[in-house]
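Numbering (our numbering), first residue to last: 6 to 272. Glycine included, every Cβ here is placed at the ideal spot set by N, Cα and C. Notes to accompany the following structure.
Listed below in structure tokens is the structure:
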């Protein structure tokens, strides 16, 4: 009886072992572990250079356009640039994390890498989408608010004053809609002899704004050229954000597949 019981137990154990699904080898199909690791290594190189490019665009925006920010009614424009800086800055450390996870085949590292890729995608797509939206809205905002900025804050706020002077010099314009806007400003009321700021002059000299003849100052307003400049730059930021957001999606998909496959392979 004892021998028969042992035979039954051994046969039951064998049947259970047969039911256990065998693990796949790492080269069992076309999307093998080794193939996915190779693809992700190539992706990491592309992603790193793309991230550096996004970082450069964002940093260039912050560095070169920050003096115009006080003239904008909302902080949307600099926010877009900072989102791109953050997304681009994540490129190099994220590639290092990915390479570490691929080398060790550590699923925790791969999972963190996957989540950060998704986060980068959201940042870049969000920055690009926000830039597209603001490219339409900024024209209405500037037309509504820029004249108030000129009239109320010039010569009273140093940052705004510098921004207005820079804009009038760079875009060769004067006033919001036209040069006569300055007649209604608090700055003009303080010294009525100065008709326009010196930055309106074609050749800037001290107190050159006392003459408003077309040979001396620009007569066209700043709203149109300034708005066109901001809109063109927003289109660039939108294209960079939306275009580059496609790249992390591929890494996200391949790393998800690799994460699952590593669980089911044997050497």
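Taking just the CA atoms, how far does residue j sit from residue i?
| i | j | result |
| --- | --- | --- |
| residue 71 | residue 164 | 11 Å |
| residue 243 | residue 88 | 12 Å |
| residue 106 | residue 228 | 52 Å |
| residue 185 | residue 202 | 11 Å |
| residue 252 | residue 213 | 53 Å |
| residue 47 | residue 82 | 34 Å |
| residue 268 | residue 255 | 21 Å |
| residue 155 | residue 191 | 9 Å |
| residue 150 | residue 95 | 36 Å |
| residue 215 | residue 167 | 20 Å |
| residue 219 | residue 196 | 21 Å |
| residue 160 | residue 120 | 49 Å |
| residue 26 | residue 39 | Here the model assigns residue 26 a pLDDT of 49, short of 50, so the residue's position is not dependable, and the following value carries that caveat. Between residue 26 and residue 39, the C-alpha separation is close to 22 Å. |
| residue 171 | residue 162 | 14 Å |
| residue 200 | residue 152 | 16 Å |
| residue 271 | residue 90 | With a pLDDT of only 46 at residue 271, under the threshold of 50, the placement of this residue in the model should not be trusted, and no figure is reported. |
| residue 234 | residue 144 | 11 Å |
| residue 259 | residue 97 | 19 Å |
| residue 209 | residue 157 | 23 Å |
| residue 131 | residue 138 | 10 Å |
| residue 52 | residue 79 | 32 Å |
| residue 146 | residue 189 | 20 Å |
| residue 109 | residue 55 | 25 Å |
| residue 68 | residue 238 | 14 Å |
| residue 169 | residue 266 | 59 Å |
| residue 118 | residue 99 | 7 Å |
| residue 217 | residue 134 | 43 Å |
| residue 50 | residue 43 | 11 Å |
| residue 36 | residue 142 | 46 Å |
| residue 60 | residue 257 | 20 Å |
| residue 306 | residue 247 | Any property of residue 306 remains undetermined from this structure, which presents the chain solely from 6 to 272. |
| residue 211 | residue 127 | 50 Å |
| residue 231 | residue 207 | 18 Å |
| residue 204 | residue 77 | 19 Å |
| residue 112 | residue 241 | 37 Å |
| residue 41 | residue 104 | 12 Å |
| residue 181 | residue 64 | 28 Å |
What residue range does the alpha helix (DSSP H) around residue i cover?
| i | result |
| --- | --- |
| residue 169 | 163 to 175 |
| residue 254 | 228 to 268 |
| residue 144 | 112 to 158 |
| residue 42 | 38 to 70 |
| residue 97 | 96 to 109 |
| residue 181 | It is not in any alpha helix (DSSP H) - residue 181 carries neither H nor E in the DSSP assignment. |
| residue 224 | No alpha helix (DSSP H) contains residue 224, which DSSP labels as neither H nor E. |
| residue 193 | 191 to 195 |
My understanding is that residue i touches residue j, with C-beta atoms under 8 Å, so please give their C-beta distance in whole angstroms.
| i | j | result |
| --- | --- | --- |
| residue 249 | residue 140 | Between residue 140 and residue 249 the Cβ distance is about 17 Å, and since that is not below 8 Å, they are no contact. |
| residue 102 | residue 114 | 6 Å |
| residue 245 | residue 62 | 5 Å |
| residue 92 | residue 66 | The Cβ separation is near 13 Å, so there is no contact. |
| residue 136 | residue 85 | 5 Å |
| residue 263 | residue 45 | 7 Å |
So that I know if they touch, is there some Cβ in chain B lying closer than 9 Å to that of residue i?
| i | result |
| --- | --- |
| residue 65 | Reference to chain B is not applicable here, since this structure consists of a single protein chain. |
Would you call the region 169 to 181 in contact with the region 217 to 224, where contact means no fewer than 3 C-beta pairs closer than 8 Å? The answer is yes - the region 217 to 224 touches the region 169 to 181, with three or more Cβ pairs under 8 Å.
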